[in-house]
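When we follow this note's numbering, the leftmost residue of the sequence shown carries the number 2, and every step to the right adds one.
Please read the structure below before turning to the comments.
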Amino acid sequence: MLKNIKLLITTMIFSMIFTGCTQSVYQVFDSKIYKDTFNNLFDSSKTYQDTLQYTQKADVINESNNVEAILNVTYLNPTSKDWDNSKIHSFVVGIYIVNTDESDYELTINNINKFKKTKINKDMNILGSIPMENKWAQYYLVQISKYDTKQVDKDNLTIKLSHATFRNTVTKFKTN
Numbered sequence: 002m003l004k005n006i007k008l009l010i011t012t013m014i015f016s017m018i019f020t021g022c023t024q025s026v027y028q029v030f031d032s033k034i035y036k037d038t039f040n041n042l043f044d045s046s047k048t049y050q051d052t053l054q055y056t057q058k059a060d061v062i063n064e065s066n067n068v069e070a071i072l073n074v075t076y077l078n079p080t081s082k083d084w085d086n087s088k089i090h091s092f093v094v095g096i097y098i099v100n101t102d103e104s105d106y107e108l109t110i111n112n113i114n115k116f117k118k119t120k121i122n123k124d125m126n127i128l129g130s131i132p133m134e135n136k137w138a139q140y141y142l143v144q145i146s147k148y149d150t151k152q153v154d155k156d157n158l159t160i161k162l163s164h165a166t167f168r169n170t171v172t173k174f175k176t177n
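This is the structure in structure tokens:
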């Protein structure tokens with residue numbers, strides 16, 4: 002009898018430890034609620050797969066091979082009918098700067114630095130449409146005319162984050 006009670010208490014303690022340590026943050030993702038736990042790493046929904054396919058991460062590295070900045074880019078046009086626009090390319094761009102000021106960096110698309118860049122607040126719904134979010138990054142909705150980018154390269158979009166003294170970082174997306 003005492004052995005059964007010890008087994009029951011041990012089982013209850015382990016159950017409380019494992020269930021108490023899981024994180025369950027709810028986020029809205031295309032009008033569905035996903036529980037941000039281990040199971041979300043293997044989300045099989047079509048929307049999640051599409052946005053993940055069009056998301057890239059790149060690092061700005063210094064001379065000592067340390068990360069100075071992190072660039073996260075999600076190309077929105079191919080991921081949803083809401084963003085499919087015949088005149089504008091739309092991106093969610095996250096920039097996390099480690100030790101320097103963001104004004105020391107330049108963001109370009111196909112070597113063009115004149116485009117619409119709107120700061121995204123942390124509570125805006127658009128962050129729910131990207132599969133990976135860096136909590137420390139500043140996010141922007143970046144939009145550029147398709148006409149402008151085709152003058153440089155009609156098939157590719159090259160997003161570059163550059164710094165005067167560090168190595169540049171680049172992400173590339175196909176437009177068709």
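We treat Cβ as the ideally placed atom computed from N, Cα and C, and that holds for glycine.
Indicate the three-state DSSP secondary structure (helix, strand or coil) for residue i in the structure shown.
i     : result
Asn73 : strand
Asp51 : helix
Thr80 : helix
Thr1  : Residue 1 lies beyond the residue range present for the chain, which begins at 2 and ends at 177; the question has no answer from this structure.
Met13 : helix
Go to residue i, then tell me how far its beta strand (DSSP E) extends in each direction, as first and last residue.
i     : result
Asp60 : 56 to 62
Are residue i and residue j close, meaning C-beta to C-beta below 7 Å?
i      : j      : result
Thr170 : Asp51  : no
Asp93  : Ile131 : Checking the displayed sequence, the identity of residue 93 turns out to be Val instead of Asp. Yes, they are a contact pair.
Glu69  : Phe167 : yes
Thr109 : Lys161 : yes
Tyr76  : Phe15  : no
Asp102 : His164 : no
Lys147 : His90  : yes
Val143 : Lys120 : no
Thr172 : Gln57  : yes
Say the cut is 6 Å; is the CB of residue i nearer than that to a heavy atom of the ligand MG?
i      : result
Leu142 : Absence of the ligand MG is noted for the structure shown, with no ligands found whatsoever.
Measuring only between beta-carbons, confirm whether residue i sits less than 7 Å from chain C.
i      : result
Lys155 : Included in the structure is just one protein chain, with no chain C present.
Mind pulling the alpha helix (DSSP H) runs of 4 or more residues that sit fully within the stretch 88 to 169? Secondary structure in the stretch 88 to 169: the alpha helix (DSSP H) runs of 4 residues or longer, each lying completely within the stretch, are 147 to 153 in chain order.
Does the stretch 92 to 112 come within contact of the stretch 126 to 142, defined as at least 3 CB pairs closer than 8 Å? With a cut-off of 8 Å, the stretch 126 to 142 and the stretch 92 to 112 count as touching, because enough Cβ pairs lie within range.
The stretch 105 to 119 touching the stretch 79 to 86, judged by at least three CB pairs closer than 8 Å: The stretch 105 to 119, when compared against the stretch 79 to 86, does not touch it at the 8 Å Cβ threshold.
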